[in-house]
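**Student:** Note that UniProt numbering has the sequence shown beginning at 1, numbered continuously upward.
The beta carbon of each residue, even a glycine, is placed where N, CA and C say it ideally should be.
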Amino acid sequence: MHIKVAILAVQHWKKLLILLITIFMIMFMFFFGAQEQQQEDGYTGDGTGGDAQVSALVKRYEPLVTKYATQYGVSDYVQLLLAKMMQESGGRLPDVMQSSESIGLPRNTITDPEQSIDVGVKYFAGVLKKAGGDVKLALQSYNFGTGFIDYAKVRGGYSKEVAQSFSNMMAAKMGWSRYGDINYVDNVLCYYTGATYGVSAEGIGNPNAMGFVKPLDTKITSPFGVRIHPITGVAKLHAGIDYSCNQSPIPIRSVKKGTVTRAGWQNSSNHNAGYGQRVYVDHGGGLVTVYAHLSKIQVKVGQPIEQGQSIGLCGTTGSSTGMHLHFETIVNGKKIDPKPFVGGAL
Numbered sequence: 001m002h003i004k005v006a007i008l009a010v011q012h013w014k015k016l017l018i019l020l021i022t023i024f025m026i027m028f029m030f031f032f033g034a035q036e037q038q039q040e041d042g043y044t045g046d047g048t049g050g051d052a053q054v055s056a057l058v059k060r061y062e063p064l065v066t067k068y069a070t071q072y073g074v075s076d077y078v079q080l081l082l083a084k085m086m087q088e089s090g091g092r093l094p095d096v097m098q099s100s101e102s103i104g105l106p107r108n109t110i111t112d113p114e115q116s117i118d119v120g121v122k123y124f125a126g127v128l129k130k131a132g133g134d135v136k137l138a139l140q141s142y143n144f145g146t147g148f149i150d151y152a153k154v155r156g157g158y159s160k161e162v163a164q165s166f167s168n169m170m171a172a173k174m175g176w177s178r179y180g181d182i183n184y185v186d187n188v189l190c191y192y193t194g195a196t197y198g199v200s201a202e203g204i205g206n207p208n209a210m211g212f213v214k215p216l217d218t219k220i221t222s223p224f225g226v227r228i229h230p231i232t233g234v235a236k237l238h239a240g241i242d243y244s245c246n247q248s249p250i251p252i253r254s255v256k257k258g259t260v261t262r263a264g265w266q267n268s269s270n271h272n273a274g275y276g277q278r279v280y281v282d283h284g285g286g287l288v289t290v291y292a293h294l295s296k297i298q299v300k301v302g303q304p305i306e307q308g309q310s311i312g313l314c315g316t317t318g319s320s321t322g323m324h325l326h327f328e329t330i331v332n333g334k335k336i337d338p339k340p341f342v343g344g345a346l
């Protein structure tokens, strides 16, 4: 019997070799194809690497968010998803991700937090993939619906202006006074710190001729120069420029790469004094920038930061009459007009 098998093997060795090679190639293609699919379905681009600044009510769901983020190929976005949850419900509602509507149900239909997380993370993974990994476009689409993705792509991608246009169009179409939250991206990212988006992902355009970007894309409400102080009524030098916060704690960017030299209250015993919460960034070459009246500080002294990185949230701490950013440029110890660095009024 063994001799016959051996004879057959010798007679048909070429066919057996071809069969073995074919089996090996099929296994090879299956394994590496699966690896490629895993890489395509997972995203590791801009918007990762940050930390969620959220309440304990939200933080308790981190294991479940991690579970489903891993399942749906977005494990690098766990912290961002927690920030989304903070914006959606603060962890206080059973439908913690407010994901009922994403599957065609009325708001808050889902009453099981784990189901809400499962549905919400899966939906986010879907919009992130359709958005080509563009985090801001994906976030706004989570709020607006996936129709916003194609709408934005033919208009140059995500921007606040495109979001406003889409909201107006949909509100008119539905007969509503408004549609969605045009500030949804900022409202989520104010709970998400430490991520470096880079210039294009942050939506701040290319650095200007001097290599700077604007700290905010809002209107300048008070320029550099002598003015009547709004609180004291006395004429004095306004040693910076004020940017509107649009009545929202929106993230403030570092205008250039540097190192944080001060971060905290100007007067720890009197939070209504001076600049309130402020951050100083040393950019080298004798240049320091100052960001004042912050509602929240997101960096620490000695921390290196990138251009465009969020250093804090807009606010009205210290001696202030309303929400705004007071921005200064100091060159070799002297406060000068920031306009040549970051441009004039928008």
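Considering just the uninterrupted stretch of the beta strand (DSSP E) at residue 259, what are its terminal residues?
**Tutor:** Segment 258-265, the beta strand (DSSP E) holding residue 259.
**Student:** Quick check: the Cα distance between residue 242 and residue 268, rounded to an integer number of angstroms?
**Tutor:** When rounded, the distance between both Cα atoms is 23 Å.
**Student:** Restricting to Cα atoms, I'd like to know which of 251, 277 and 226 is closest to residue 336.
**Tutor:** Measuring from the Cα of residue 336, the nearest candidate turns out to be 226.
**Student:** Contact between the region 297-305 and the region 227-237 is defined here as three or more beta-carbon pairs at a separation below 8 Å; is this criterion met?
**Tutor:** Taking 8 Å as the limit for Cβ pairs, the verdict is that the region 227-237 does not touch the region 297-305.
**Student:** Pick helix, strand or coil for residue 149, following the three-state DSSP scheme.
**Tutor:** Residue 149 falls in the helix class under three-state DSSP.
**Student:** Please classify residue 178 as buried or exposed, where buried requires at least 16 other C-beta atoms within 10 Å of its C-beta.
**Tutor:** The residue is exposed, with fewer than 16 neighbouring Cβ atoms inside 10 Å.
**Student:** My output table needs one value for residue 110: the three-state DSSP class, helix, strand or coil.
**Tutor:** Reduced to three states, the DSSP call for residue 110 is coil.
**Student:** Can you tell which of 81, 95, 169 and 122 has its C-alpha closest to the C-alpha of residue 136?
**Tutor:** Comparing Cα positions, the closest option is 81.
**Student:** In chain order, which beta strand (DSSP E) runs of at least 3 residues are fully inside the region 206-264?
**Tutor:** As far as the region 206-264 is concerned, its whole beta strand (DSSP E) runs of at least 3 residues are 220-222, 225-228, 235-238, 241-244 and 251-253.
**Student:** Can you have a look at residue 88 and say buried or exposed, based on whether 16 or more other CB atoms are within 10 angstroms of its CB?
**Tutor:** Per the 10 Å Cβ criterion, buried.
**Student:** Leaving aside the five residues before and after residue 326 along the sequence, list all residues of the same chain whose C-beta is less than 6 Å from its C-beta, in chain order.
**Tutor:** These residues qualify, in order along the chain: 240, 242, 292 and 293.
**Student:** Consult DSSP for residue 171 and reduce its assignment to one of helix, strand or coil.
**Tutor:** Note: residue 171 maps to helix in three-state DSSP.
**Student:** Could you check the C-alpha separation between residue 190 and residue 251 for me, to the nearest Å?
**Tutor:** Those two C-alpha atoms are separated by around 6 Å.
**Student:** Report yes or no: do the region 304-319 and the region 265-284 share at least 3 C-beta pairs separated by less than 8 Å?
**Tutor:** They touch, by the three-pair rule.
**Student:** Going by beta-carbon coordinates alone, are residue 144 and residue 180 separated by less than 7 Å?
**Tutor:** Cβ distance < 7 Å, so residue 144 and residue 180 count as in contact.
**Student:** By a C-beta neighbour count over all protein chains shown, 10 Å radius and 16 as the cutoff for buried, is residue 278 buried or exposed?
**Tutor:** Residue 278 comes out buried.
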